[in-house]
Structures are given as C-alpha cells and as structure tokens.
Amino acid sequence: MFAAYQRDVAAPGGSLDTGTVRVYVSRVRQYLAWLAAALATGTVQGDPLTEPDARDRAARDYRTHLQTVARRKPATINAHLTAVDDLYRRRGLGPTAAERADLTPAAPRALDKRDQVRLLREADRAALRDKAIAFTAFYAGTRISETTGLDIGDVRMSARKGQLIVRHGKNGSYREVPLHPKLRAVLEEWLRERSGWKGADTSPALFLNRRGGRLSTRSAYTALRTIADAAGLPLGRDGVFTPRVLRDTAGTTMASQGTDIVIVAELLGHSVQTARRYSRPTPQDRQKAIERLTTDQ
-6 MFAAYQRDVA APGGSLDTGT VRVYVSRVRQ YLAWLAAALA TGTVQGDPLT
44 EPDARDRAAR DYRTHLQTVA RRKPATINAH LTAVDDLYRR RGLGPTAAER
94 ADLTPAAPRA LDKRDQVRLL READRAALRD KAIAFTAFYA GTRISETTGL
144 DIGDVRMSAR KGQLIVRHGK NGSYREVPLH PKLRAVLEEW LRERSGWKGA
194 DTSPALFLNR RGGRLSTRSA YTALRTIADA AGLPLGRDGV FTPRVLRDTA
244 GTTMASQGTD IVIVAELLGH SVQTARRYSR PTPQDRQKAI ERLTTDQ
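Per the working numbering, residue -6 is the first one in the sequence shown, and the count goes up by one each step.
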C-alpha cells in the first residue's frame, strides 16, 4: 500500500514538486502507521482504504489523534489531512469529509521600525538601480513582478508630486500609487543614471539589466536579498527574507497609522477583504497586551 503510493506520488512528470512529495510521503506513512494500529485495536471499524464511510470516520479519528495525542497545531493538522486526501484521491476514493481545524488568521510578517531603518540604510549604500528597486518595493508596496514590469512611462512626475502606474498587477489589475517623496527623489536619480545605460534608448523598461534588457524578477530578488542580508534581516518564509516582507510592511504600516482599509486595498492592489489582514494583531501586539495588565502587589 505505502510502497505503491510512494511510487505513484514520486513518478516523473507529476504535479507535485520534490519538496511536496517528500512531505506527503512522510505524512501518509504516519497516517498508515496510525491506521494499522487503530484497526488492530478495533478503534477504527470497516475498511478505510476501500469504503468511503469508513474512510471518513478514520480521517476524523486521525484528526482527533493529531489534536489530542500528538498535540499538533491546527495548521499542521490541516497539512496532514491534505496529504491523507492525496492518498485517497490516488486510490480513487476522493478526498475525505473530515473538517479542517479552525485557524486563527495571522498578521503578515512586517519589519519593525528598527529593521526598516537598517534596510533603508543598506539600500542607500547599494548601487543606485538596486536602491531604486528597494525603495519602490518599500514605499510603493509593489510586488516584485510589478516592479520589474514597470516602464519609464509608468513614472509620472511633476514639479512637486508624482505617480507610479502599475498596469499589470495581479489578475491584470491596474492602479495608480502616489509617489512618496523619498521614492520620488530616488527615481529621479535613477532615471538620470539610466540614460547612460546600454539599452536606455531602445528598452522601455524602468529597470534594466547590464545587457540593456528588462531586469528579470530573479535578478531583482537577488538585489533585494543582498540588501536585506547586509542589513541582517532574516525575515520571511522559514526565516528567509522575501520581497513580500517589504510589501507587507507597507500595508501594515498604513493600517497601524489609521489609514482606511479601502485606501490600503487600492494602493496595494488587493481586495478589501484581503487587505484587512494588515490590521490583524501580531504576536508582538498580543505580548504587549498581556504586559499592560496591571497587578496589585
């Protein structure tokens, strides 16, 4: 049973990447080991590997086991159930009817004031193009693909103000973002320097590579990662910095300063529902709330 699943899920050309395959195999192994023990003790009735009703009962019992015996967190429980569903799909039974554990929505990761200063200080020391990329991500909250997709014509500046036009946001959305004064100043510098780069007269891209073409998202990521590493910012998924941290910092900062969530959504190209996550409490907020409790001694 397990060997057959392992061969199937790891077959070349499958839809799952190597890391996901490894995780699924581990979780299915754990489920089957639990199931064998539960069947041996009579805790689970029927044949969960061939009968839909028995499958659903077993999955619900396994969810309870993960919660009360293994003491897994809700997100981990849901991840295990997803792997179990994959097992049953491959056996032709379809996903289980076990409900997922309720998750407490988490606030996005964002830089605190100190780390923001460290990031901007390192960005100031970087090459001007890379500094402009970092400032765009930080002060305009653009996704990395939106940043590299910008053209010169998408930067509109008058004597005192400016706008950044994102023409190809997520799902093809369009938005206009007012330029923060610091971003405006950096972009003015970059546009002057860009005029001397290879490809400046032929490519419309705002950010060029050394060959004169449009900068790739991978290269932009490398530039941001280099700045973040120099600033000592190991933030992001699994403790690694990602450009999303800068976008989430923009959203969280605006929300914490009382900006209407509708405005935050428009500026970042979100739905209002998605933008509400920027107003959720962080672990630090919860810690501060507890520490504010008064005691009489």
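Note that CB positions come from ideal geometry on N, CA and C, so glycine has one too.
Residue pairing by DSSP places M150 opposite G155 in a beta bridge.
With a beta-carbon spacing of about 19 Å, F234 and R122 fall beyond the 8 Å limit used to define contacts. By the 16-neighbour rule on beta-carbons within 10 angstroms, H161 is exposed. Spatial neighbours of G225 in its own chain (CB-CB distance under 7 Å, excluding positions within 5 residues in sequence) are listed in chain order as R111. If you check the CB distance, L176 and Y132 come in under 9 Å. Taking all protein chains in view, the Cβ of P276 is surrounded by fewer than 16 other Cβ atoms within 10 Å, so the residue is classified as exposed.
Straight across, the Cα-Cα distance linking A76 with A31 is about 19 Å. For E169, the enclosing beta strand (DSSP E) has its first and last residue at R168 to P171. Taking C-beta separations shorter than 8 Å and ignoring five residues to either side along the sequence, the partners of D147 in its chain run L157, I158, V159, R160 and L199, following chain order. Straight across, the Cα-Cα distance linking R56 with A91 is about 8 Å.
Of all alpha-carbon atoms in S212, R22, D117 and A193, the one lying nearest the alpha-carbon of G205 is that of A193. Between S138 and G262, the gap from beta carbon to beta carbon reaches 9 Å or more.
Distances from the CA of S151 to each of P171, G134, R136 and L143 were compared; the closest alpha carbon is that of P171. Residue state for R82 is assigned as helix, using DSSP reduced to three classes.
Taking K191 as reference, the option from A127, R207 and E182 with the minimal CA-CA separation is R207.
Residue pairing for L201: DSSP places it in a beta bridge opposite R207. Judged by beta-carbon spacing, L239 lies within the 9 Å limit of L104, meaning their Cβ atoms are closer than that value.
Rounded to the nearest whole angstrom, the C-alpha separation of Q60 and A72 is 13 Å.
Here D144 is bridged, per DSSP, to A198.
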